[in-house]
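Visitor: Here's a structure for you.
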Amino acid sequence: MSPGEKLRVAVLASGRGSNLQALLDAVVEPDYPAEISGVFSDKSDAQALERARKAGVPAVWVDPAGENYEDRLAAEIETVGCDLICCAGYMKILSPAFVARFPDKIINIHPSLLPSFPGLHGQRKALRAGVRVTGCTVHFIDEGVDTGPIILQAAVPVLPEDTEEILSARILWFEHRIYPLAVRLVAEGRVRREGTRVRLSGVEVNQEGGFISPPINFL
Ligand code: GRF
């Protein structure tokens with residue numbers, strides 16, 4: 009990308025679209041290095057499509073019924089053009105063929121600290137497992153389900169009285185922050201995939217970050 013040019017991001021979403029909204033809100037900042045080229049959904053009534061329309065972004069429903077769904081989806085994405093595809097609550101599993109068509113260009117956000125609790129209901133699984141800390145993860149998509157190289161994570165405490173709804177809301181607050189941050193890092197060329205891992209360059213790391221959960225006041 010030449011200086012001043014923005015990373016063009018296509019978003020895939022099936023539902024509510026709050027992570028899409030976080031990205032839409034980020035891209036209106038003049039110094040944010042990415043823009044949304046289109047939003048694509050397998051659900052005609054997805055709130056995400058409505059959010060895209062409101063923001064003046066192409067909103068495209070691709071009918072999942074019938075033949076060659078993913079080819080039609082890829083063709084729609086290629087029509088608007090993109091440098092990165094962000095899955096944001098996209099409920100279909102992308103096939104290896106689709107992933108191969110956009111190598112190292114598809115990322116996802118997941119509501120747990122992967123590799124713990126992949127698949128659906130990451131928050132419910134964390135509650136059932138009794139973990140003290142869970143969180144969210146932005147990762148590249150590979151051929152597996154929620155297995156790709158990790159770009160960013162946020163750790164979120166699980167508190168004794170949490171319900172699935174309360175914990176989901178706490179995690180979501182962090183999702184809305186790390187997804188736009190991850191896209192910014194990609195746009196700035198700071199994210200390099202190295203096999204199963206991701207190297208971030210030029211990112212300041214706070215060595216003292218970390219906490220004990222539950223937040224016990226000891227001493
Ligand atoms: C989020 O929890 C995300 O981590 C998961 O699906 C949910 C989507 O929420 N992949 P929204 O549609 O972005 O509000």
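For the sequence shown, the positions run 9 to 227 when the numbering used here is used.
Note that CB positions come from ideal geometry on N, CA and C, so glycine has one too.
Remember, predicted model here, so these are calculated numbers, not experimental data.
1) Look at the alpha carbon of L253 and the alpha carbon of K51, and state the distance between them as a whole number of angstroms.
2) I want to know whether the stretch 83-97 touches the stretch 121-137 - three or more CB-CB distances under 8 angstroms.
3) Here's the rule: buried if 16 or more other CB atoms are within 10 angstroms of the residue's CB, otherwise exposed. What is A67?
4) What alpha helix (DSSP H) runs, 4 residues minimum, are completely inside the stretch 79-107?
5) Quick check on DSSP: helix, strand or coil for S52?
6) Let's test the definition: count the other Cβ atoms within 10 Å of the Cβ of S120 and tell me whether it reaches 16, buried, or not, exposed.
7) Alpha carbon to alpha carbon, what distance is there between F226 and E55?
8) What's the gap between the Cα of E151 and the Cα of S103?
9) Who does E202 pair with in a DSSP beta bridge?
10) Where do the N-terminal and C-terminal ends of the alpha helix (DSSP H) with A177 fall, by residue?
11) Just to confirm, is the Cβ distance from I44 to L57 under 9 angstroms?
12) May I ask whether a heavy atom of ligand 1 can be found less than 8 angstroms away from the beta carbon of L20?
13) Can you tell me which of the three DSSP states A30 falls into?
14) Does the Cβ of L167 lie closer than 8 angstroms to at least one heavy atom of ligand 1?
15) When every heavy atom of ligand 1 is checked, does at least one fall within less than 8 angstroms of the C-beta of R178?
16) Quick check: Q131 and V146, are their CB atoms within less than 9 angstroms of each other?
17) Return helix, strand or coil for G46, following the three-state DSSP convention.
18) Which first and last residues belong to the beta strand (DSSP E) in which R16 is found?
19) Please state if the CB of L28 and the CB of C36 are separated by a distance shorter than 9 angstroms.
20) For the beta strand (DSSP E) containing Q2, name the first residue and the last one.
Guide: By the coordinates alone:
1) Only positions 9 to 227 of the chain appear in this structure, which leaves residue 253 out of reach.
2) no
3) Taking the first residue of the sequence shown as position 1, residue 67 is located at position 59. Buried, by the Cβ-count rule.
4) none
5) If you number the sequence shown from 1, residue 52 lands on position 44. Correct three-state label for S52: coil.
6) As a position in the sequence shown, residue 120 is number 112, starting the count at 1. Per the 10 Å Cβ criterion, buried.
7) Along the sequence shown, read from residue 1 onward, the residue named residue 55 stands at position 47. Along the sequence shown, read from residue 1 onward, the residue named residue 226 stands at position 218. In the sequence on display, residue 55 carries Gln and not Glu. Spanning the two alpha carbons is a distance of roughly 45 angstroms.
8) Stepping through the sequence shown from its first residue, residue 151 is reached at position 143. Stepping through the sequence shown from its first residue, residue 103 is reached at position 95. Approximately 7 angstroms, taken between the alpha carbons.
9) Within the sequence shown, the letter at position 194 stands for residue 202. The partner list for E202 (beta bridge, DSSP) reads R205.
10) Here residue 177 is taken as the residue at index 169 of the sequence shown, counted from 1. Unbroken alpha helix (DSSP H) run through A177: 172-195.
11) If you number the sequence shown from 1, residue 44 lands on position 36. If you number the sequence shown from 1, residue 57 lands on position 49. Contact flag unset, no.
12) As a first step, residue 20 must be located in the sequence shown, where it is residue number 12. Not so, every heavy atom of ligand 1 lies at least 8 angstroms from the Cβ.
13) In the sequence shown, residue 30 corresponds to position 22, counting from 1. Here A30 sits in helix by DSSP.
14) As a working note, residue 167 is residue 159 in the sequence shown. Because no heavy atom of ligand 1 lies under 8 angstroms away, the Cβ of L167 does not count as near it: no.
15) Residue numbering aside, residue 178 sits at position 170 when the sequence shown is read from its first letter. Not under cutoff, so the answer is no.
16) As a working mapping, residue 131 is identified with position 123 in the sequence shown. As a working mapping, residue 146 is identified with position 138 in the sequence shown. Against a cut-off of 9 angstroms, the Cβ pair of V146 and Q131 comes out as no contact.
17) On the sequence shown, residue 46 is found 38 positions in, with the first residue counted as 1. Of the three classes helix, strand and coil, the one that applies to G46 here is strand, per DSSP.
18) Here residue 16 corresponds to residue number 8 of the sequence shown, with the count starting at 1. That run of the beta strand (DSSP E) goes 15-20.
19) One-based indexing of the sequence shown puts residue 36 at position 28. One-based indexing of the sequence shown puts residue 28 at position 20. It is Val, not Cys, that sits at residue 36 in the sequence shown. No; because the gap between Cβ atoms is not below 9 angstroms, this pair is not in contact.
20) This structure cannot settle anything about residue 2, because the visible part of the chain is limited to 9 through 227.
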